[in-house]
Every structure is written in C-alpha cells, then in structure tokens.
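A.B. asks:
Number of protein chains: 2
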Amino acid sequence: MDLVRRAHAMTEIARKARTRGRRIGLVPTMGALHEGHLALVRAARERVDLCVVSIFVNPTQFGPQEDLAQYPRDLVRDSDLCITAGVDYVFAPPAEDLYPPGPPTWVEVEGPSSRFEGASRPGHFRGVATVVLKLLHVVQPHVAVFGRKDAQQAWIVRRMVQDLHVDTEIVVAPTVRDRDGVALSSRNAYLSSQERAAAGAIPRALEAARAARESSAATVDSVVQAACSVLEADGGLRIDYLELVEAESFERATTLDGERLLLVAVFCGRTRLLDNQAL
Amino acid sequence: MDLVRRAHAMTEIARKARTRGRRIGLVPTMGALHEGHLALVRAARERVDLCVVSIFVNPTQFGPQEDLAQYPRDLVRDSDLCITAGVDYVFAPPAEDLYPPGPPTWVEVEGPSSRFEGASRPGHFRGVATVVLKLLHVVQPHVAVFGRKDAQQAWIVRRMVQDLHVDTEIVVAPTVRDRDGVALSSRNAYLSSQERAAAGAIPRALEAARAARESSAATVDSVVQAACSVLEADGGLRIDYLELVEAESFERATTLDGERLLLVAVFCGRTRLLDNQAL
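Those protein sequence lines, which keep their order, are chains B and Y.
Plus 276 on top of the position in the first sequence (first one is 1) and you've got the working numbering.
Plus 276 on top of the position in the second sequence (first one is 1) and you've got the working numbering.
1. At which residue ranges does the region 346-404 of chain Y contain complete alpha helix (DSSP H) runs of 4 or more residues, listed in the order of the chain?
2. Would you say Val496(Y) touches the ligand ADP, meaning its beta carbon is less than 7 Å from a heavy atom?
3. Checking 8 Å against the spacing of the C-beta atoms, do Gly307(B) and Arg397(B) come in under that value?
4. Which residues in chain B sit within 8 Å of Glu386(Y), going by Cβ to Cβ distance?
5. Give me the residue from Leu467(B), Ala493(B), Val496(B), Ser525(B) with the minimum Cα distance to Cys544(B).
6. So Gln553(Y) is in the alpha helix (DSSP H); what residue range does that whole segment cover?
7. Alpha carbon to alpha carbon, what distance is there between His313(B) and Ala350(B)?
8. Which residue's Cα is closest to the Cα of Val317(Y): Leu539(Y), Tyr365(Y), Ser505(Y)?
9. Taking a cut of 8 Å between CB atoms, which residues from the region 419-447 of chain B lie near chain Y?
10. Only counting the same chain, and skipping five residues up and downstream in sequence, which positions put a Cβ closer than 6 Å to that of Ser498(B)?
11. With H, G and I counted as helix, E and B as strand and the rest as coil, what does DSSP make of Pro417(Y)?
12. For a contact meaning CB atoms closer than 7 Å, what does His413(B) contact in chain Y?
13. Could you say if the region 429-436 of chain B and the region 284-296 of chain Y meet the contact criterion of at least three C-beta pairs nearer than 8 Å?
14. By how many angstroms is the C-alpha of Glu445(Y) removed from the C-alpha of Leu412(Y)?
15. By the criterion of Cβ-Cβ separation under 9 Å, what are the contact partners of Leu537(B) in chain Y?
16. Using DSSP's beta-bridge definition, name the partner residues of Tyr466(B).
17. Listing by chain order, which chain Y residues have their CB less than 8 Å from the CB of Pro376(B)?
18. Taking the C-alpha atoms as reference points, what is the distance between Glu471(B) and Ser505(B)?
19. Find the nearest neighbour of Gly511(B) within the set Ala474(B), Pro479(B), Val521(B), judged by alpha-carbon distance.
20. Compute the beta-carbon to beta-carbon distance between Val448(B) and Phe422(B), rounded to the nearest angstrom, for a pair I have assumed lies under 8 Å.
21. Taking the runs of the beta strand (DSSP E) that are 3 residues or longer, which of them lie wholly in the region 294-330 of chain B?
22. So Lys410(Y) contacts chain B; which residues on that side make the cut at Cβ distance below 7 Å?
23. Where does Arg546(B) land, buried or exposed, given buried means 16+ other C-beta within 10 angstroms?
24. Mind checking if Thr336(B) is an interface residue toward chain Y, Cβ cutoff 8 Å exclusive?
25. Within the chosen definition, does the region 401-412 of chain B reach the region 330-337 of chain B through at least 3 CB pairs nearer than 8 Å?
26. Would you say Leu518(Y) and Leu507(Y) are within 8 Å of each other, going by their C-beta atoms?
27. Can you tell me which of Asp343(B), Ile289(B), Ala371(B) puts its alpha carbon nearest to the alpha carbon of Ile331(B)?
28. Kindly indicate the opening and closing residues of the beta strand (DSSP E) around Val556(Y).
29. Nearest by alpha-carbon distance to Ala503(B): which of Arg480(B), Glu490(B), Arg514(B) is it?
30. Using a Cβ-Cβ cutoff of less than 7 Å, which residues in the same chain neighbour Glu524(B) once the five nearest sequence positions on both sides are dropped?
31. For Asp454(Y), I'd like the list of residues in its chain whose CB is within less than 7 Å of its CB, leaving aside the five on either flank, ordered along the chain.
32. Hey, could you find the ends of the alpha helix (DSSP H) Leu344(Y) is sitting in?
33. Could you work out which residues of chain B lie near Ala283(Y), taking near to mean beta carbons separated by less than 9 Å?
34. For a contact meaning CB atoms closer than 8 Å, what does Gly297(B) contact in chain D?
35. Helix or strand or just coil, what does DSSP make of Glu445(Y)?
36. What is the residue span of the beta strand (DSSP E) that Arg514(Y) lies within?
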C-alpha cells in the first residue's frame with residue numbers, strides 16, 4: 277500500500293491506471309476508520325482493480341461551533357487498517373491541496389441540502405458536495421462507495437453525480453452495527469460508557485418504527501411516534517430531528533405508499549449521532 | 277463528422293477514445309458559429325486527436341430579461357461549418373439532458389463572479405460554471421478552448437477547473453476581429469448597419485487605452501479615461517462598465533504595475549457587446 281499526500285501525485289497514479297485499463301474505486305473518509313469503513317472498502321474491492329481510500333477531515337463541512345478541532349485523527353493506525361484491508365492507496369492530502377488559495381468554488385445541490393441534516397448543520401452539504409467532487413476529480417474513480425448511515429449525504433452525492441454527469445458509479449453500502457445495534461461511527465469514540473448505553477435506544481427506536489409500519493392501521497404519525505417513544509423513554513437522548521422521508525426524492529413523506537426512510541439525529545450528551553431505517 | 281444529440285452517447289464516445297489513448301479537445305459554444313469559433317477549433321485541433329464542438333444555448337446563463345428566446349440558432353449551418361473546419365463531433369444535446377428533472381446542482385466561483393459582467397448579469401457566471409463543468413464531465417476532454425473576448429468567463433472557468441481539480445487543460449485563444457477591429461460575436465447579428473458602424477468605436481477605445489498606457493505619466497484613471505472618451509465621442513454607444521482589472525486575480529486594479537486587462541461592455545442600441553484589451 278502507498279500513502280499519497282499530494283493531489284497531483286494521486287491524479288498521476290489515476291491517469292496511469294486508467295491508461296492500463298484498470299478500474300479504480302474510491303472510499304472517501306475522514307479517517308478514524310472503523311469496521312464500517314472497512315465494509316465500504318470490501319464493497320469497493322469487489323468492483324474494481326485498484327482501491328483508494330481518501331482520508332481528509334474536510335473543514336468546509338464543519339460549522340463554526342462543531343468538532344473540527346477534536347475530530348479524531350490517527351493516520352498511522354488508519355494506514356495500518358488499510359494495509360490489512362487490501363487497500364492499494366491511501367490518499368491523505370493537506371488542506372491546501374484541496375483548497376488552494378484564491379476565491380473558492382462551491383458545489384451545491386438544491387432542495388434536500390437545506391433540510392434535516394442540512395437544517396441542523398447549515399452549509400454542511402455544500403462542504404460535502406464540494407469536497408466529494410474534488411476527490412472524484414483527483415482520484416478519477418470508476419466507482420465510489422458511501423455508507424448508508426449517512427443517508428442524506430449519499431442521496432446528495434448521488435444527485436450531484438447524476439446532475440453534473442460525473443462519470444463515476446456511486447455505490448451505497450449497508451450500515452455496519454455493533455452487537456447492540458448501534459451504528460458504527462467515528463463519533464462514537466466521544467461517548468462515555470453511560471452515553472454509549474443510552475445510544476442503544478436508537479436502533480431499538482428504528483426497530484419499533486419498522487414494527488409499527490407492519491400494522492394495517494399504520495400512518496406516518498404512528499410510525500414516527502413509535503420511534504419517538506423509544507428515543508424519549510429513558511431520558512438519555514435528546515432528539516434533534518426524527519423525520520420520515522421518501523427514499524427517492526428525500527422529500528418529507530406525507531403517506532406510507534412507496535419506499536420510505538426514517539431519519540434520526542439525536543444528541544447523546546454533547547455528541548450528535550445519526551441513523552436511519554428503510555421502511 | 278458525427279452529430280451527437282445525447283449526453284450518454286457522447287460520454288460513451290469519449291470513454292472509447294480515451295481507452296484507445298486518443299486525446300480529446302472541446303470547444304464549448306452556443307452555436308451561431310463564426311470565424312472566432314473556428315479559430316478556437318483550430319487551436320483545439322493543434323493539441324488533440326479528436327475535436328468536439330458542443331452547441332448548447334444554455335438557459336441558466338441568461339437573465340429573465342435577456343435574449344434567450346431570440347438567440348440565433350441554426351444547427352444545419354453550424355454543422356456545415358464544423359465539417360469544413362475538421363471537427364470530429366458536434367455535441368448538441370437537448371436541455372433536459374444537461375438539466376435532468378430534480379433539484380439542480382449549482383457550481384459557483386466566489387469573488388469576481390459577482391463583479392463586472394457578473395454585476396450586470398446576476399447569476400450569469402453560476403450558469404456558465406455549471407454548464408461548463410457538465411460539458412467537461414460529459415465530453416471528458418484533455419483540452420478545452422475558450423475565447424479571450426469573454427475574458428471574465430475564461431478566468432472563471434480556469435479558476436473553477438483549478439480549484440475543483442478538473443483534469444482538463446484550459447486554453448484561451450486570441451479574439452478574432454473584423455476588418456474594422458470589432459470583435460466577432462454571435463450577437464453582432466442583432467446590429468443594424470448604423471449600430472455596426474458605431475461599434476467600431478470599441479476597438480478604437482481599446483487602442484486609445486493602450487496608447488495612453490505608454491505615456492510615462494499614465495495612471496489607472498488616465499488609461500480608463502482615454503477609452504471612455506472614444507466610447508462616448510459619437511453618442512452611438514452607452515457604456516455598461518469600463519474597468520481596469522488585474523489579469524491574474526480579476527480584482528479591480530489600483531495601479532498599473534503588472535499585467536492589466538481593460539474590460540468594456542457597451543450597449544449598442546439594444547445589443548450588449550463585450551471586448552477587452554491586455555495592457
């Protein structure tokens with residue numbers, strides 16, 4: 277495995293690989309890798325000849341009051357995990373490579389970007405769309421893999437790629453969960469053991485919503501309420517948002533006809549956790 | 277020469293050409309081709325194996341009061357010119373191919389986009405940046421050629437490509453002028469013969485600025501004033517803006533130290549004409 281620090285070097289590698297007819301896969305990450313990321317690597321490796329993991333804590337997707345400074349960073353540990361996972365290149369550029377001096381260029385998807393996660397974190401998805409597009413240009417992958425845990429992010433990336441005609445296939449891989457059902461997340465490292473226990477209510481709430489959906493009398497409200505009751509039961513979580521959306525349009529759902537996604541964001545102490553459930 | 281109407285077909289051609297190691301050049305146009313566009317085609321052909329001219333009257337770069345509806349369109353004539361010029365593919369997609377239904381994605385370069393041409397045409401450069409990036413993704417060119425007449429557009433495209441790490445070389449080719457020095461433009465077709473005569477003051481004004489720059493006592497004001505006097509001399513033109521900018525940053529110039537660009541936009545009757553002069 278090679279560690280590539282500069283964008284121009286990464287592009288040179290990508291160009292040569294493409295010239296030789298090799299298919300490239302990209303797994304964009306912010307590091308602090310866990311089993312969830314490694315599942316994305318496996319999904320990429322099944323589809324390509326050459327697997328690139330980018331590690332970049334993207335400043336433009338953090339708000340001024342957010343955890344950019346304390347976000348966990350450990351390039352040595354992350355690289356070791358990538359070696360074991362069969363990654364070919366770790367691309368870990370300095371910020372000035374992805375954000376060169378001069379007036380910035382922004383990429384923004386209208387619509388859902390300002391709702392749900394976008395309402396809680398203004399500007400977040402502009403930062404995400406912009407950095408993902410830069411990474412796609414630098415790495416030139418045939419396939420890029422994102423996690424379903426960040427469902428709205430995956431939707432926005434897919435929409436951007438479709439609308440801007442980026443010639444990369446976007447694959448969204450299933451959420452990896454801990455034994456108690458809590459979705460793996462780099463931010464779980466912030467949790468105290470008490471908070472970690474409280475977080476167990478999130479997967480139970482999603483399961484309650486799934487069960488409520490089975491009822492012949494199910495409505496949007498009854499499904500959301502089933503999850504809400506579980507999340508609020510023991511007082512260890514504070515709901516940021518809990519919304520049922522249409523999976524295809526990411527618009528707020530008014531009926532249960534069609535594929536739906538229940539989105540949840542909660543504060544667990546000072547840590548914000550995301551999850552979602554297809555219904 | 278082949279006429280390609282669909283984006284996916286164009287991308288398929290581009291992929292195959294790249295697999296064979298052929299270099300692709302793109303000349304993005306809105307059609308109504310003239311000798312200026314053909315000079316861009318020649319600049320592209322010198323650099324690549326395969327030359328694509330896109331013809332697309334991009335709705336998102338026109339303001340609501342502008343000339344989108346009456347912009348000249350003649351695909352048969354344009355295609356004939358492209359055949360003669362040795363173009364390999366004319367890519368002329370329908371609007372729904374470049375702007376598929378659903379929430380739009382916008383690309384925006386901060387800074388100069390809101391000044392000069394951007395101040396006169398709010399949203400114009402957002403439309404330009406967005407459509408150019410889509411065309412770069414669809415056609416996947418190694419080189420794309422733009423005209424120096426639209427200097428601010430060329431600056432913004434170059435900045436976008438650099439900042440987003442698009443793997444395409446941007447070439448800016450010299451302005452082609454008529455015998456009287458008026459820059460070729462598809463919008464010259466709107467001019468009456470009287471207006472066409474009045475437009476002759478534009479290149480004379482740029483030449484007056486160039487001459488004023490030679491004086492040892494030259495200042496930003498004296499250079500701009502030299503051009504202004506010529507533009508206002510016979511009353512046939514109304515200045516929209518006349519500004520001296522730094523060529524590199526596209527910031528308004530406060531001194532004459534370094535490469536400068538005099539930008540001019542005038543109304544000639546109801547037609548807006550652009551030109552510029554390097555100083």
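Where is the CB? At the ideal position from N, CA and C, for every residue including glycine.
C.D. replies: So, from the data block:
1. Fully enclosed alpha helix (DSSP H) runs of 4 or longer: 351-361, 371-374, 393-396.
2. Because no ligand of any kind appears in the structure shown, any question about the ligand ADP cannot be addressed here.
3. Taking the first sequence and counting its residues from 1, the one referred to as residue 307(B) is at position 31. Taking the first sequence and counting its residues from 1, the one referred to as residue 397(B) is at position 121. At least 8 Å separates the beta-carbon of Gly307(B) from that of Arg397(B).
4. Here residue 386(Y) is taken as the residue at index 110 of the second sequence, counted from 1. Below the 8 Å Cβ cutoff, chain B contributes Pro379, Pro380, Thr381, Trp382 as neighbours of Glu386(Y), in chain order.
5. Here residue 544(B) refers to the residue found at position 268 of the first sequence. The closest CA to that of Cys544(B), considering only Leu467(B), Ala493(B), Val496(B), Ser525(B), is found on Leu467(B).
6. Locating residue 553(Y) in the second sequence gives position 277, where the first residue counts as 1. Bounds of any alpha helix (DSSP H) do not take in Gln553(Y); it lies within the beta strand (DSSP E) bounded by 547-554.
7. Here residue 350(B) corresponds to residue number 74 of the first sequence, with the count starting at 1. Here residue 313(B) corresponds to residue number 37 of the first sequence, with the count starting at 1. Reading off the sequence shown, one finds Asp at residue 350(B), where the question assumed Ala. Going by C-alpha positions, Asp350(B) is about 15 Å away from His313(B).
8. Position 41 of the second sequence holds residue 317(Y). Considering only alpha carbons, the answer is Tyr365(Y).
9. Flagged, chain order: Arg435, Met436, Gln438, Asp439, Leu440, His441, Val442, Asp443.
10. The sequence position of residue 498(B) within the first sequence is 222, counting from 1. So the list reads Ala488, once near-sequence residues are dropped.
11. Position 141 of the second sequence, counted from the first residue, corresponds to residue 417(Y). Residue state, collapsed to three classes: coil.
12. Along the first sequence, one-based indexing puts residue 413(B) at 137. Under the 7 Å cutoff, chain Y gives Leu440, His441, Val442, Asp443.
13. Short answer: they don't touch.
14. For this step, residue 412(Y) is matched to residue 136 along the second sequence. For this step, residue 445(Y) is matched to residue 169 along the second sequence. The C-alpha of Glu445(Y) is placed about 11 Å away from the C-alpha of Leu412(Y).
15. Your numbering for residue 537(B) matches position 261 in the first sequence. The contacting residues do not exist; Leu537(B) stays about 17 Å from chain Y at best.
16. Here the question's residue 466(B) lines up with position 190 in the first sequence. Residue pairing from DSSP leaves Tyr466(B) without any beta-bridge partner.
17. The residue given as residue 376(B) occupies position 100 in the first sequence. For the C-beta of Pro376(B), the chain Y residues within less than 8 Å are, from N- to C-terminus, Gln438, Asp439.
18. For the purposes of this step, residue 471(B) is taken as the residue at position 195 of the first sequence. For the purposes of this step, residue 505(B) is taken as the residue at position 229 of the first sequence. Roughly 18 Å separates the two Cα atoms.
19. Within the first sequence, numbered from 1, the residue matching residue 511(B) stands at position 235. Ranking Ala474(B), Pro479(B), Val521(B) by Cα distance to Gly511(B) puts Ala474(B) first.
20. Position 172 of the first sequence, counted from the start, is the residue given in the question as residue 448(B). Position 146 of the first sequence, counted from the start, is the residue given in the question as residue 422(B). Val448(B) to Phe422(B), Cβ: 5 Å. Contact.
21. Within the region 294-330 of chain B, the complete beta strand (DSSP E) runs of at least 3 residues are 300-305.
22. In the second sequence, the residue the question calls residue 410(Y) occupies position 134. Among the residues of chain B, those whose CB is under 7 Å from the CB of Lys410(Y) are Leu440, His441, following chain order.
23. Reading the first sequence from its first residue, position 270 is the one you call residue 546(B). Arg546(B) should be labelled exposed.
24. Within the first sequence, the letter at position 60 stands for residue 336(B). It does not; no Cβ of chain Y falls within 8 Å.
25. Three or more beta-carbon pairs drawn from the region 401-412 of chain B and the region 330-337 of chain B are found closer than 8 Å, and the two stretches are therefore classed as touching.
26. Locating residue 518(Y) in the second sequence gives position 242, where the first residue counts as 1. Locating residue 507(Y) in the second sequence gives position 231, where the first residue counts as 1. In this structure, Leu507(Y) lies closer than 8 Å to Leu518(Y) by Cβ.
27. Here residue 331(B) refers to the residue found at position 55 of the first sequence. If you compare the alpha carbons of Asp343(B), Ile289(B), Ala371(B) with that of Ile331(B), the shortest gap goes to Ala371(B).
28. With chain Y covering 277 to 555 only, the question about residue 556(Y) has no answer from this structure.
29. As a first step, residue 503(B) must be located in the first sequence, where it is residue number 227. Nearest in C-alpha terms to Ala503(B), of all of Arg480(B), Glu490(B), Arg514(B), is Arg480(B).
30. Walking along the first sequence from the start, residue 524(B) turns up at place 248. By the criterion of a C-beta distance shorter than 7 Å, Glu524(B) is surrounded in its chain by Glu535, once the five residues flanking it on both sides are discounted.
31. Residue numbering aside, residue 454(Y) sits at position 178 when the second sequence is read from its first letter. Cβ contact annotation for Asp454(Y) (same chain, cutoff 7 Å, sequence separation greater than five): Leu460, in chain order.
32. Along the second sequence, read from residue 1 onward, the residue named residue 344(Y) stands at position 68. Counting along the chain, no alpha helix (DSSP H) covers Leu344(Y), and no H or E run does either.
33. On the second sequence, position 7 is the one that residue 283(Y) refers to. Annotation: Cβ neighbours of Ala283(Y) in chain B (cutoff 9 Å, chain order): His441.
34. Structure shown: chain D not included; protein chains present are B and Y.
35. Position 169 of the second sequence, counting from 1, holds the residue named residue 445(Y). In the three-state DSSP reduction, Glu445(Y) falls in the strand class (E or B).
36. Here residue 514(Y) refers to the residue found at position 238 when the second sequence is read from its first residue. Looking at the DSSP string, the run of the beta strand (DSSP E) that includes Arg514(Y) is 514-522.
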